[in-house]
Amino acid sequence: MIVAIPKEITPGERRVAAIPATVKEMVKKGLTVHVQAGAGAGAFISDEEYQAAGASIIDNVEELYRDADLILKVDSPRENPALGKHEADLFKEGSAYISFFKTTMEVEAVRKFVKNKITGFSMNLLPRITLAQKMDALSSQSNIAGYKAVLIGAVHLGKYMPLLMTAAGTIPPAKVLILGAGVAGLQAIATAKRLGAQVEAFDVRPEVKEQVESLGARFVEVPANEEEVVVEGGYAKETTESYQKRQRALIKEHIAKSDLVITTALIPGKRAPILIPADMVEGMSPGSVIIDLAAENGGNCELTEPGKICTKHKVTIDGRLNLPSTMPIHASQLYAKNIVSLVLHLCPEGEINLNMDDEIIAGAMFTHNGEIVDERTRQALNN
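Structure follows, in structure tokens:
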């Protein structure tokens with residue numbers, strides 16, 4: 383069975399779906415690995431390193447896709463400007479595909495998968511269960527994003543992060559507020575604390591309070607009962623209007639006192655919730671900074687411009703996309719490990735085994751044999 387590793391064509395994407403170490407793992411399992419020439423260049427991996435690990439280097443991407451039984455990528459398939467063709471139209475009929483496919487947003491690509499009978503797996507759809515932890519690419523990449531967000535925020539900020547006692551006087555620590563205490567938020571807390579900042583964190587899930595406090599941050603809590611917050615799969619799914627009203631009032635109070643705010647709140651498959659409306663930005667001190675890690679899904683700040691850095695009301699709002707790609711070496715290492723764990727789960731004997739009773743396989747799959755098999759993806763296409 384041939385596994386293909388193409389070069390990413392999304393502008394700014396420097397990660398790659400396999401590294402030499404994971405190529406060795408696949409080859410050891412009896413898989414044949416083809417890597418497009420230059421696929422690892424963004425992560426500083428040479429073609430020679432892939433060859434030494436047992437892969438064949440293929441120059442022509444059309445040839446790479448034509449022969450591939452399983453394609454491993456980082457981003458969703460898209461139009462290839464050099465060929466004037468969509469990547470999904472180049473895949474062999476009946477082949478399988480794994481990436482961070484945004485199935486509820488990339489509906490045209492999903493239709494192409496159905497038409498060409500591609501079996502699609504999305505790392506975004508992997509069930510959050512113990513058995514799938516080593517495949518959890520969302521967590522591995524969010525960890526990097528949370529770390530990098532603090533460093534970028536510190537660069538934007540016109541202040542020191544730590545408390546400093548100097549001959550010219552004492553400088554108080556910067557005040558950092560993290561909205562969302564998932565993987566990205568917890569890493570942001572840890573990184574900001576290491577830089578010496580005074581850190582607070584907010585999350586609608588009261589059960590994360592202990593984790594937040596264990597990292598040395600203060601937990602900002604909105605009192606709520608079980609009916610006011612719905613959590614599904616580890617994510618906050620929805621909250622009541624009364625809860626949201628109390629939440630906005632409390633966040634507004636704390637944002638006004640913060641130098642750096644990092645937002646991480648996402649609802650899978652939906653637009654990111656607005657946590658910072660325009661009036662809250664207006665109430666922040668001049669020179670304050672917002673790093674919006676939800677920018678790819680519209681942003682948690684009403685004034686965020688996805689993909690851009692802007693200044694509104696003398697506040698810097700950084701909505702840059704794809705922060706993990708700015709650390710391509712470790713991001714690729716972690717993502718490749720996640721991917722190969724799923725590949726070896728799918729191919730225990732060197733061939734794809736689609737056991738639909740397997741929670742991981744059934745959960746991550748969104749198309750198969752010309753049909754959409756994921757309900758969320760089906761609903762997105764019907765809307």
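Take 383 as the starting number for the sequence shown in the working numbering and just add one per residue.
Just so it is clear, CB atoms sit at the ideal spot from N, CA and C, and this is done for glycine as well.
Between the alpha carbons of residue i and residue j, how many angstroms are there, rounded?
i    : j    : result
I734 : A762 : 28 Å
T486 : I480 : 16 Å
E582 : N506 : 28 Å
G502 : G665 : 46 Å
E623 : A654 : 16 Å
V496 : L454 : 18 Å
I387 : I401 : 10 Å
K719 : L546 : 41 Å
L632 : V604 : 7 Å
A556 : F601 : 17 Å
E687 : K474 : 38 Å
E684 : I658 : 6 Å
V671 : K530 : 14 Å
Q629 : T645 : 14 Å
Y717 : A423 : 16 Å
D756 : V663 : 39 Å
L675 : D661 : 20 Å
E409 : P730 : Before going on, a small fix: residue 409 reads as Val here, not Glu. Their backbone Cα atoms lie some 12 Å apart in a straight line.
A464 : H750 : 29 Å
A399 : E753 : 26 Å
V443 : K467 : 11 Å
G535 : H695 : 17 Å
K575 : V532 : 10 Å
E490 : N765 : 13 Å
Y542 : P650 : 35 Å
N498 : L472 : 10 Å
G689 : A421 : 24 Å
V558 : S714 : 29 Å
T414 : G562 : 42 Å
D339 : S640 : Coverage of the chain is limited to positions 383 through 765, which leaves residue 339 absent and any answer about it impossible.
Give the DSSP-derived three-state secondary structure of residue i in the structure shown.
i    : result
G681 : coil
H636 : helix
S522 : helix
N462 : strand
S428 : coil
I359 : In the structure as shown, the chain starts at 383 and stops at 765, and residue 359 therefore has no counterpart that could be examined.
I534 : helix
L703 : coil
L545 : coil
R397 : coil
I721 : helix
S624 : helix
G502 : strand
T512 : helix
E469 : helix
L726 : helix
S667 : coil
L452 : strand
T749 : strand
I711 : helix
Please report the residue range of the alpha helix (DSSP H) in which residue i lies.
i    : result
Q761 : E757 to N764
F495 : V489 to K497
Q418 : From DSSP, Q418 is part of no alpha helix (DSSP H) but of the beta strand (DSSP E) over T414 to Q418.
S596 : K591 to S596
T686 : Run containing T686: none; DSSP gives neither H nor E here.
V586 : Element bounds for V586: n/a, residue is neither H nor E.
D449 : V443 to D449
How close, in whole Å, do the beta carbons of residue i and residue j come, if the pair is a contact with beta carbons under 8 Å?
i    : j    : result
R397 : P706 : 7 Å
L703 : A677 : 6 Å
P346 : G598 : Here the chain covers residues 383 to 765 and nothing more, so residue 346 does not appear.
D457 : T552 : At roughly 47 Å, the Cβ-Cβ gap does not stay under 8 Å, so D457 and T552 are not in contact.
N679 : L648 : 6 Å
K516 : G732 : K516 to G732, Cβ: 20 Å. No contact.
I656 : N682 : 7 Å
What residue range does the beta strand (DSSP E) around residue i cover?
i    : result
H695 : Run containing H695: none; DSSP gives neither H nor E here.
I553 : G551 to I553
K557 : K557 to L561
I644 : L642 to T645
Y479 : A478 to S481
A376 : With the chain represented from 383 up to 765, any question about residue 376 goes unanswered, as that position is not in the structure.
R653 : Segment: none, R653 is in no beta strand (DSSP E) and carries neither H nor E.
D674 : V671 to D674
V405 : Segment P402 to K410 is the alpha helix (DSSP H) holding V405; no beta strand (DSSP E) there.
I440 : S438 to I440
Indicate, with yes or no, if the ligand ADP has a heavy atom lying under 7 Å from the CB of residue i.
i    : result
L728 : The ligand ADP is not part of the structure shown, which contains no ligands of any sort.
Under 8 Å between C-beta atoms, does residue i make it to chain C?
i    : result
E475 : The structure shown has no chain C; it contains just one protein chain.
### Three CB pairs or more closer than 8 Å across the segment 503-521 and the segment 734-744
Using a Cβ-Cβ distance cut-off of 8 Å, the segment 503-521 and the segment 734-744 are in contact, since at least three pairs of beta carbons, one from each stretch, lie closer than that value.
### Task
Give a yes or no on contact between the segment 401-410 and the segment 427-446, applying the rule of three or more CB pairs nearer than 8 Å.
yes
### Query
Does the count of Cβ pairs from the segment 525-533 and the segment 562-578 closer than 8 Å reach three?
Touching, per the Cβ criterion.
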